[in-house]
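The UniProt record's numbering puts the first residue of the sequence shown at 1, with every later residue one more than the last. Structure, as structure tokens:
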Amino acid sequence: MNLQQDIHHTEGDIELFNKNILERLTLPHVEGLLLRPLRSTDYDKGFLELLAQLTEVGKVNKEQFLNRFQSMKNTGIYYIIVIEDVNNTKVIGSATLISEQKFIHNCALRGRLEDVVVNNNYRGKHLGKLLVNVILQLARYLHCYKISLDCRDNLIPFYESLGFKREPNNANSLNIRFSNENTAEQSHL
Numbered sequence: 001m002n003l004q005q006d007i008h009h010t011e012g013d014i015e016l017f018n019k020n021i022l023e024r025l026t027l028p029h030v031e032g033l034l035l036r037p038l039r040s041t042d043y044d045k046g047f048l049e050l051l052a053q054l055t056e057v058g059k060v061n062k063e064q065f066l067n068r069f070q071s072m073k074n075t076g077i078y079y080i081i082v083i084e085d086v087n088n089t090k091v092i093g094s095a096t097l098i099s100e101q102k103f104i105h106n107c108a109l110r111g112r113l114e115d116v117v118v119n120n121n122y123r124g125k126h127l128g129k130l131l132v133n134v135i136l137q138l139a140r141y142l143h144c145y146k147i148s149l150d151c152r153d154n155l156i157p158f159y160e161s162l163g164f165k166r167e168p169n170n171a172n173s174l175n176i177r178f179s180n181e182n183t184a185e186q187s188h189l
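Pasting the structure below:
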């Protein structure tokens with residue numbers, strides 16, 4: 001995968017973050033696939049359908065997608081990378097790095113790995129591993145002091161194989177899930 005093969009990029013596309021950052025990383029070449037930042041046009045390339053293979057997405061229309069995209073872009077802390085199959089121009093993989101600004105560790109950045117997903121039809125080709133490794137490189141490039149994630153129990157061995165560790169006395173993840181009463185309503189952000 002390299003960024004030079006990007007023949008489907010049109011002038012109206014807006015990238016979530018500057019693709020030049022990815023050019024500074026070591027990206028493997030995989031024939032027919034393109035690794036790149038999420039684009040404003042990915043609504044039409046199956047991005048939300050891909051996320052639906054991971055979790056509930058809801059009924060997000062194009063306007064909502066574009067508003068959320070712009071909001072995420074404006075914060076400058078979201079790095080969503082996607083893998084596009086250049087043969088059918090569909091988004092077939094994605095992962096997110098959120099860089100959380102901290103006061104601790106000399107005002108450092110803490111990375112959060114989120115929403116790692118590969119299309120069911122492309123699984124078994126090590127694309128999930130590729131996505132996570134690119135996110136790890138990106139976190140190092142941004143000088144995050146650590147990166148963490150939440151995952152299902154059955155995925156712990158996968159993430160441990162990529163270097164993640166359960167820290168002694170700090171391997172807890174606690175959540176409060178709010179009722180689904182207002183899921184049809186868009187957030188106030």
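C-beta: ideal position from N, C-alpha, C; glycine also. What you are looking at is a predicted structure, and each value in this text was computed from that prediction instead of being measured.
Discussion item. With a threshold of 6 Å on Cβ separation, who are the neighbours of Tyr43 within its own chain once the five nearest residues in sequence on each side are excluded?
Written reply: Residues of the same chain with a CB within less than 6 Å of the CB of Tyr43, apart from the 5 flanking positions on each side, are Lys62 and Phe65 in chain order.
Item to complete: Would you check if the distance between the CB atom of Leu127 and the CB atom of Ile92 is smaller than 9 Å?
Response: For Leu127 and Ile92, yes; Cβs fall inside 9 Å.
Discussion item. Need the endpoints of the beta strand (DSSP E) that Ile14 sits in, please.
Written reply: From DSSP, Ile14 is part of no beta strand (DSSP E); its letter is neither H nor E.
Fill in: Continuous alpha helix (DSSP H) assignments of at least 4 residues falling wholly in the region 107 to 167
Segments of the alpha helix (DSSP H) lying fully in the region 107 to 167: 127 to 141 and 156 to 161.
Practice prompt. Can you grab the Cα-Cα spacing for the pair Val132 / Ser94, in whole Å?
Written response: So the alpha carbons of these two residues sit roughly 9 Å apart.
Practice prompt. Mark Asn170 as exposed unless 16 or more other C-beta atoms lie within 10 angstroms of its C-beta, in which case mark it buried.
Written response: Exposed is the call here.
Worksheet item: Which residue from Asn87, Tyr79, Val118 and Asn74 puts its Cα closest to that of Leu48?
Response: Nearest of Asn87, Tyr79, Val118 and Asn74 to Leu48, Cα basis: Val118.
Fill in: Residue span of the beta strand (DSSP E) that contains Lys90, given as start and end
Taken as a continuous stretch (DSSP letters only), the beta strand (DSSP E) holding Lys90 covers Lys90 to Gln101.
Worksheet item: From which residue to which residue does the alpha helix (DSSP H) around Ile21 run?
Response: Segment Asn20 to Glu23, the alpha helix (DSSP H) holding Ile21.
Discussion item. Threshold first: 4 residues or longer. Then list the alpha helix (DSSP H) segments lying entirely within the region 18 to 61, N to C.
Written reply: Within the region 18 to 61, the alpha helix (DSSP H) runs of at least 4 residues that lie entirely inside it are, in chain order, 20 to 23 and 47 to 51.
Worksheet item: Among Val30, Lys59, Thr96 and Gln53, which one has its Cα closest to the Cα of Leu38?
Response: Out of Val30, Lys59, Thr96 and Gln53, Thr96 has the C-alpha closest to the C-alpha of Leu38.
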